[in-house]
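J.: Residue 1181 in the numbering used here sits at position 516 of the sequence shown; the count goes up by one each step and never skips. Ideal Cβ placement from N, Cα and C applies to all residues, glycine included. Please read all numbers here as calculations on a predicted model, not as lab measurements. Next up is a structure, given as structure tokens.
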Amino acid sequence: MDHKHSFLNAFDEKLEYCKNKPNNRSMSIWTFIENNRAQHQAWTLWSVRKIKILSFLFGLAVIVLIMASYILTRDQKGLFLTPSPYHLTVVSHLAQQPLNLSFTTDNTVVREVVRRIVAKVDFSRRRVPDLGEVREKEANIFTAIPRIFLPNLKNPCWYEEFFGNITADTYGKNLYALYSKRFQAIYDHLRRAFPAHLHQHAGRHFRLRCLPYFYIIGQPKCGTTDLYDRLRLHPEVHFSTMKEPHWWTRKRFGIIRSGNAFQNPYPLNDYLDLFDQAANQIQDHLMSNSSKSHKKVNIITGEASASTMWDNNAWVYFYDNGTEVEPPFLVQDLIHAVQPDAKFIVMLRDPVERLYSDYLYFGMANKSVEDFHEGVSESLHLFEGCLAERSIRSCIYNTTLNNLMPVRLQVGLYVMYLLDWLNVFSREQILILRLEDHAANRKITMRRVFEFLQLGPLTMQKEADITKSPASNTRRPANRNLGPMLPITKEILQNFYRPFNQRLTQVLKDPAFLWT
């Protein structure tokens, strides 16, 4: 069976499942039709045929609209509307059984699914491509970024010769500027400042270009926004123009918004433009130091795309040669080839609570604890189907599976991603924090971050400004009103994530990551 039929069969199974289960969405449709049928019989004989035809057409339209609405709300997490060319046949031991989410028999079934998944967990190492392979695959990046950066700067920067008209609109074609209207004021400022920040040497013009000194790489709904909002208050830190450029994982492939088709890829220069505010600050310090001393400039820049740690969904469209079952290249391979000394910050939380928060934040209409339970059950069945054919790593990087699952189970498998990062970068280059610790004592967490980034000391007042402000991006009131997830959902998810948390604890040598 080819990939297209595989994808459509899995899709049809989900539709049939939605039709047969006794939930509010499907029952309301059939109740509507039955009520209309009873009403028709009470009418006079001469209008029966006409009314039946109209009722049938109206009922059919309602069914199509509601089913379409259901499908759209259930498939909202997909990065693409088209299936992956990577072959995935969803096979489940329970494929012959209709999944009925009454909270008796089927919870026993889901527990058994989790037990079989856990039995197949393994933490084998991936093959890391050598530098030559990476450079050959992404040659355009390595022709633009030098291997050695300026010595008197803490941040990785270099001078790039500028051949254009210095009075022209340098940022006019930047795709980030075109798609992000709320940053127009920043780009207007950069346009005006551009000529003054060009460096002249031997009759030629050069502009300072910079990459991030550090990356906040994940995970979603784990407090990265709050960390970003506090860290940018430090006088030595200058973030990118937007918090989450998603260039390494999405934009360079032409993925503009999740769920949309491919568009024009964002060039590397558009990404580098996001750090021009920091580059201008660094340039000003360089010029002020040039006539005095060669004191090192300690300004650094960073970005906080929460997709960087885990999202490699585009690999199958660009790196697949038809034989691979795992990505031959991951994001960290490319970043390491460009910046072997980069630093990374990861914020994690209890993966069970992360998944529920993710559902509440990104979910669309008709959110409920029952619907969440339903999504968890469907996703576990799909995950088990993948494991019938592939390894655990192959499944977490499987684009088709990730698009099909109603909830993003794979994002909480922290140790799988972390081990792949640690195959490329040293443990000392990755700071790993817990949201629970950050919420309990922000001062301690932020001091760990400042030390990790080797930032200068702060006054007591400045530190208080950074640590005492209210938390950012907290749960919306409407979502809080739904209350906690069902106890049975929590139990099932805890059993699913337990072996991964245990391995994470071993890797980090910290029992707090068990989240018991």
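By DSSP, does L873 sit in helix, in strand, or in coil?
T.: strand
J.: The alpha helix (DSSP H) that contains L815, what's its start and end?
T.: Looking at the DSSP string, L815 is not in any alpha helix (DSSP H), and its letter there is neither H nor E.
J.: How should E909 be labelled, buried or exposed, when 16 other C-beta atoms within 10 angstroms of its C-beta is the threshold for buried?
T.: buried
J.: What three-state label does DSSP hand V1172 in the structure shown?
T.: Secondary structure of V1172 (DSSP, three-state): helix.
J.: Which residue wins for smallest C-alpha separation from L855, given the options V793, I831, I1010, R1019?
T.: I831
J.: Which residue's Cα is closest to the Cα of H1103: V775, S1134, Q1126, N1067?
T.: The candidate whose alpha carbon is nearest that of H1103 is S1134.
J.: Please classify Q865: does DSSP put it in a helix, a strand, or coil?
T.: strand
J.: If distances are taken between C-alpha atoms only, which option among P900, Y982, V1017 comes closest to N963?
T.: P900
J.: Count Cβ pairs between the segment 859-867 and the segment 988-997 that sit closer than 8 Å; are there 3 or more?
T.: no
J.: Between which residues of its own chain and R790 is the CB-CB distance below 7 Å, once the five residues before and five after are set aside?
T.: N1088
J.: Check whether the segment 881-899 and the segment 1090-1103 touch, using three or more Cβ-Cβ pairs below 8 Å as the test.
T.: yes
J.: With distances taken between CB atoms, is the gap from C1051 to N1063 smaller than 8 Å?
T.: yes
J.: So, F827 versus F871, is the Cβ gap smaller than 8 Å?
T.: For F827 and F871, yes; Cβs fall inside 8 Å.
J.: Given this structure, state the Cα-to-Cα distance separating K1127 from T906, to the nearest angstrom.
T.: 23 Å
J.: Would you identify the three-state DSSP class for R1055, choosing helix, strand or coil?
T.: In the structure shown, R1055 falls within a coil segment according to DSSP collapsed to helix, strand and coil.
J.: Considering only residues of the same chain and omitting the five flanking positions on each side of Y642, which have a CB-CB separation below 7 Å?
T.: No statement about residue 642 is possible, as the shown extent of the chain runs from 666 to 1181 and does not include it.
J.: On the DSSP bridge list, what partners appear for Y841?
T.: Paired residues: none, contrary to the question.
J.: Assign C822 to one of three DSSP states: helix, strand, or coil.
T.: strand
J.: In the DSSP assignment, find the beta strand (DSSP E) that holds T966 and state where it starts and stops.
T.: 965-968
J.: Is DSSP giving H903 helix, strand or coil here?
T.: Of the three classes helix, strand and coil, the one that applies to H903 here is strand, per DSSP.
J.: State the start and end residues of the unbroken alpha helix (DSSP H) segment that holds M1081.
T.: 1079-1087
J.: Is it right to say Q884 is buried, meaning 16 or more other beta carbons lie within 10 angstroms of its own, or is it exposed?
T.: buried
J.: Which of helix, strand or coil does DSSP assign to K960?
T.: coil
J.: Go ahead and label S970 buried or exposed: buried means 16 or more other beta carbons lie within 10 angstroms of its beta carbon, across all protein chains shown.
T.: buried
J.: Figure out for me which residue from M1125, F1009, L1078 has the closest Cα to the Cα of N1160.
T.: Nearest of M1125, F1009, L1078 to N1160, Cα basis: L1078.
J.: For M1070, which residues in the same chain have their Cβ closer than 6 Å to its Cβ, ignoring the five residues on either side in sequence?
T.: Excluding residues within five positions, the ones whose Cβ falls inside 6 Å are S1044, L1047.
J.: Using the beta-carbon count (16 or more within 10 Å), is G967 buried or exposed?
T.: buried
J.: Quick check on DSSP: helix, strand or coil for L1120?
T.: coil
J.: With distances taken Cα to Cα, identify the nearest neighbour of F904 among H950, Y880, I920.
T.: Y880
J.: Relative to the alpha-carbon of A944, which residue among E1039, F848, T1132, Y878 has its alpha-carbon at the smallest distance?
T.: Y878
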